[in-house]
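A short worksheet on the structure shown next.
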Amino acid sequence: MAPDPPRLVAAPPMLAHREQFMEDGFIIVEQLITPALCASLNARLEALLRGEYDVSGGRPDKAPKLLEQRCKPGKSPPPLGGPSKTTLQLINVWKADRLFRALVTSADLSHAVATLGGWAAGARVANDQVWAKPPGAAALTFHRDSAYFDFVPADVITVWIALDDMAAELGPLEYVRGSHRWAQGRVGSASQFFDSKDRHALLYDAARREGIAEPEKALEVVQVAVRAGGCGIHNGRLWHGSDRNASTSRPRRGLGIHFVPADAEFREPHGYTLAHRLQQNVLGNSVAQRKLVDELFPITYSSLPRETDSPLEDTSNDTVSSGRTLDNMLNS
4 MAPDPPRLVA
14 APPMLAHREQ
24 FMEDGFIIVE
34 QLITPALCAS
44 LNARLEALLR
54 GEYDVSGGRP
64 DKAPKLLEQR
74 CKPGKSPPPL
84 GGPSKTTLQL
94 INVWKADRLF
104 RALVTSADLS
114 HAVATLGGWA
124 AGARVANDQV
134 WAKPPGAAAL
144 TFHRDSAYFD
154 FVPADVITVW
164 IALDDMAAEL
174 GPLEYVRGSH
184 RWAQGRVGSA
194 SQFFDSKDRH
204 ALLYDAARRE
214 GIAEPEKALE
224 VVQVAVRAGG
234 CGIHNGRLWH
244 GSDRNASTSR
254 PRRGLGIHFV
264 PADAEFREPH
274 GYTLAHRLQQ
284 NVLGNSVAQR
294 KLVDELFPIT
304 YSSLPRETDS
314 PLEDTSNDTV
324 SSGRTLDNML
334 NS
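Counting from 4, one number per residue, gives the positions in the sequence shown under my numbering.
Structural data, given as structure tokens:
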């Protein structure tokens, strides 16, 4: 008999945490998913990094491939290919892997996010991103997620799930309390995520523009120091980053899921964000529309009637449908 599938730990009642979320820009949940599910996701991550996908015709929108096994014959390769200074980033693994898809598109999770954000229409997935730091990997600079999206409403909420126990030496995610209330300030570019020279440069510049004279001393930085399966949920305008993985043997893996309101549309039909590019790749550059294609940006919790027509053809049973729980998807 097959073992029972790992299950999503019930999220705490988000209404009780909404005031704290609005004030601080984040909340920390000690246990969202089980350690067993984390172990299964890490195993699937290794397969994804080697180009092994289990969704027919699916592939991530970005995925480095580990070509070198770095192990003796008969031995298992080390996680993430072993020590490296390079952080591995995968985007939209839900398109390529059924287990990641089950978590990313969980109706339970997106319902919790919509409740926390006060999104009456529900929530949809803008994208997911796996950030995997091998032992020795460099820091990720402080940034805001909202700068890389261009939607109306402009709200973004990110759920970052730790897939490993987040010891301090691994470089856990770090939040700057209250920084979601700052003005736009400097945002930088995606290439600066990996600028290890000064991971605080953009943050401190933005803080000084807010009139904070000595940000090195004045800012309150909170580590998401949770066990595997714990998570941080943060406002897309919150400044956050992470230090290097100083361990010589332990990987640091995390899954970030970027949610936007279910009724979100592009602010401008023509744009240069990742979301614009993904939609144009499917519809063609000659077709520009504000409406988001549900198959690319799935509505995973909705409190409003859904339109049934789609500019895309029905691709198969792999298409994400709204309202499916994690248990349903793991058992499908």
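Ideal Cβ placement from N, Cα and C applies to all residues, glycine included.
Pick from the options that is closest to residue i, judged by C-alpha positions
i           : options            : result
residue 238 : 29, 22, 18         : 29
residue 90  : 298, 272, 137      : 137
residue 240 : 149, 101, 285      : 149
residue 254 : 269, 280, 135, 158 : 135
residue 100 : 111, 154, 43       : 43
residue 218 : 179, 126, 244      : 179
residue 131 : 160, 155, 156      : 160
residue 256 : 23, 17, 48, 19     : 48
Coarse secondary structure for residue i, derived from DSSP in three states
i           : result
residue 103 : helix
residue 17  : helix
residue 218 : helix
residue 289 : coil
residue 2   : The requested residue 2 is not part of the displayed model; the chain covers only 4 to 335.
residue 84  : helix
residue 227 : coil
residue 282 : helix
residue 264 : strand
residue 92  : strand
residue 51  : helix
residue 294 : coil
residue 98  : helix
Backbone CA spacing between residue i and residue j [nearest angstrom]
i           : j           : result
residue 168 : residue 289 : 46 Å
residue 267 : residue 295 : 8 Å
residue 36  : residue 186 : 34 Å
residue 141 : residue 176 : 13 Å
residue 276 : residue 302 : 19 Å
residue 32  : residue 271 : 35 Å
residue 27  : residue 78  : 46 Å
residue 88  : residue 121 : 40 Å
residue 228 : residue 305 : 32 Å
Opposing strand residues paired with residue i [DSSP bridges]
i           : result
residue 245 : 143, 176
residue 237 : 29, 161
residue 127 : 263, 302
residue 269 : 154
residue 1   : Lying outside 4 to 335, the shown extent of the chain, residue 1 is not represented and no answer is given.
residue 65  : 94
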